[in-house]
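Engineer:
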Amino acid sequence: MEDDTRDFDREAASWDENPERVKLAKDIAGTIAREIRLEPVMDVLDFGCGTGLLTLELQPSVRSITGVDSSRGMLDVLNGKIGKQNLANVKTLCFDPDRGDDLPGRYDLVVSSMALHHVRETQPLLNLFHRIINPSGYLCIADLDPDGGQFHSDNEGVFHFGFDRVKLRQSLIEAGFSEVRDKSAGGVMKYVVGEGLQLFTVFLMTGRR
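Numbered according to the numbering used here, the sequence shown spans residues 12 to 220.
(1) With the cut-off set at 9 Å, would you say L215 and T42 are in Cβ contact?
(2) Within the region 76-117, note down every full alpha helix (DSSP H) run reaching 4 residues or more, in order along the chain.
(3) Counting only runs that start and end within the region 150-198, where is the alpha helix (DSSP H) found for 4 or more residues in a row?
(4) With H, G and I counted as helix, E and B as strand and the rest as coil, what does DSSP make of L137?
(5) So who's on the other strand from F19, going by DSSP bridges?
(6) Determine the contact status of F162 and V130, defining contact as a CB-CB distance below 9 Å.
(7) Could you have a look at L210 and say whether DSSP puts it in helix, strand or coil?
(8) What separation, rounded to the nearest whole angstrom, lies between the Cα atoms of M125 and D154?
(9) Would you please state the rounded distance, in angstroms, between the beta carbons of L49 and T77? I believe it to be under 8 Å.
(10) What residues match up with L144 in a beta bridge as DSSP calls it?
(11) In terms of alpha-carbon separation, which member of Q209, M85, V33, G63 lies closest to G159?
(12) Spatial neighbours of R117 within its chain, please: C-beta separation below 8 Å, excluding the five flanking residues on both sides.
(13) Check for me: the beta strand (DSSP E) holding D38 runs from which residue to which?
(14) Ignore the nearest five residues each way along the sequence and tell me which others in R219's own chain have a CB closer than 7 Å to its CB.
(15) Near S123, what residues of its chain come up, given a Cβ to Cβ distance below 6 Å and the 5 sequence neighbours on each side ignored?
(16) From this set, N29, A23, E46, which residue's C-alpha is nearest A196's C-alpha?
(17) Taking the Cβ atom as the reference point for each residue, do E22 and G84 lie within a distance shorter than 9 Å?
(18) Output the boundary residues of the beta strand (DSSP E) element that contains L56.
(19) Tell me the DSSP secondary structure of T66 in three-state form.
(20) In this structure, what does DSSP give as the bridge partners for S123?
(21) Exposed or buried, what is Q70 when buried is set at 16 or more other beta-carbons lying within 10 Å of its beta-carbon?
(22) Using the C-alpha atoms, what's the distance from V199 back to L35?
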């Protein structure tokens with residue numbers, strides 16, 4: 012999400028060429044569907060949607076989904092997919108929490124995949140999510156377990172080297188969420204210089220408004 016320190020616009024065109032990235036989106040979507048009941052009356056927001064890999068996995072199961080990102084290049088790619096597939100229930104919104112932007116609308120579900128570690132101050136964002144989620148709605152956050160700063164080859168724009176699940180769970184509770192729980196959602200194999208192939212695990216944390 013932090014587009015002033017990392018050029019996500021430049022990376023957008025080739026973003027979907029990474030098979031690990033595509034597989035992870037499918038794994039996270041599957042975990043979300045197992046953890047909460049996706050229903051055709053749901054309005055959903057995907058924070059840090061990128062090119063919409065997770066957005067489009069969830070789209071067939073819900074009434075509407077809004078893809079939100081700070082990178083206009085990423086949103087351009089997603090908008091291209093929306094037009095090509097003629098998807099009437101998907102729209103996009105450019106938003107950057109570090110600029111103090113606000114999110115319009117109310118949602119039954121807010122999801123975020125691999126975006127929270129790019130947000131400098133996470134608690135205000137979690138508080139914002141709580142405000143825009145309808146009563147009895149859900150928050151689903153997928154992100155890295157602590158990675159020692161090894162997951163990204165360049166840590167510009169990376170403000171958290173993964174998250175301690177206990178601490179993040181407490182942050183959700185402080186924001187007002189209940190029934191907070193976490194589950195392993197998948198992993199990414201990446202080559203680390205001097206270490207070889209490493210598995211980086213990803214969790215899904217859910218909370219209810």
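Where a beta carbon is used, it is the ideal one built from N, C-alpha and C, also for glycine.
Keep in mind that this is a model prediction, so the values were computed, not measured.
Structural biologist: Judging by the given coordinates:
(1) Here residue 215 is taken as the residue at index 204 of the sequence shown, counted from 1. Here residue 42 is taken as the residue at index 31 of the sequence shown, counted from 1. Taking 9 Å as the Cβ cut-off, L215 and T42 qualify as a contacting pair.
(2) Runs of alpha helix (DSSP H) with 4 or more residues, each lying fully within the region 76-117, are found at 83-96, listed in chain order.
(3) Counting only runs of 4+ residues, the alpha helix (DSSP H) found wholly inside the region 150-198 occupies 176-186, in chain order.
(4) As a first step, residue 137 must be located in the sequence shown, where it is residue number 126. Residue state, collapsed to three classes: helix.
(5) Indexing the sequence shown from 1 puts residue 19 at position 8. For F19, which the question treats as bridged, DSSP gives no partner whatsoever.
(6) As a working note, residue 162 is residue 151 in the sequence shown. As a working note, residue 130 is residue 119 in the sequence shown. Going by C-beta atoms, F162 is not nearer than 9 Å to V130.
(7) In the sequence shown, the residue the question calls residue 210 occupies position 199. Correct three-state label for L210: strand.
(8) What you label residue 125 is simply residue 114 of the sequence shown in a count that begins at 1. What you label residue 154 is simply residue 143 of the sequence shown in a count that begins at 1. M125 and D154: Cα-Cα distance of roughly 5 Å.
(9) Position 38 of the sequence shown, counting from 1, holds the residue named residue 49. Position 66 of the sequence shown, counting from 1, holds the residue named residue 77. Actually they are not in contact, since the Cβ atoms of L49 and T77 sit about 15 Å apart, beyond 8 Å.
(10) Taking the sequence shown and counting its residues from 1, the one referred to as residue 144 is at position 133. For the sequence presented, residue 144 should be read as Ile rather than Leu. Per DSSP, Y118.
(11) Residue mapping note: residue 159 aligns to position 148 of the sequence shown, counting from 1. Nearest C-alpha to G159 among Q209, M85, V33, G63: Q209.
(12) As a first step, residue 117 is located in the sequence shown; it is residue number 106 there, counting from the start. If we look at R117 and ignore the five residues flanking it on each side, its Cβ neighbours are D54, I143, I144, N145.
(13) As a first step, residue 38 must be located in the sequence shown, where it is residue number 27. In the DSSP assignment, D38 falls outside any beta strand (DSSP E) and lies within the alpha helix (DSSP H) extending over 30-46.
(14) Within the sequence shown, residue 219 is the residue found at index 208, counting from 1. So the list reads S147, Y149, F188, S189, E190, once near-sequence residues are dropped.
(15) Locating residue 123 in the sequence shown gives position 112, counting from the first residue. Spatial neighbours of S123 in its own chain (CB-CB distance under 6 Å, excluding positions within 5 residues in sequence) are listed in chain order as F58, G59, I152.
(16) Residue 196 sits at position 185 when you count from the first residue of the sequence shown. Considering only alpha carbons, the answer is E46.
(17) To locate residue 22, count along the sequence shown from 1; it is residue 11. To locate residue 84, count along the sequence shown from 1; it is residue 73. Contact: yes.
(18) Counted from its first residue, the sequence shown places residue 56 at position 45. Unbroken beta strand (DSSP E) run through L56: 54-58.
(19) Within the sequence shown, numbered from 1, the residue matching residue 66 stands at position 55. It is helical.
(20) Translated into positions along the sequence shown, residue 123 becomes position 112. According to DSSP, S123 bridges with F58, I152.
(21) In the sequence shown, counting from the first residue as 1, residue 70 sits at position 59. Q70 counts as buried, since at least 16 other C-beta atoms from the protein chains shown sit within 10 angstroms of its C-beta.
(22) Working through the sequence shown from its first residue, we reach residue 35 at position 24. Working through the sequence shown from its first residue, we reach residue 199 at position 188. C-alpha separation (whole angstroms): 7 Å.
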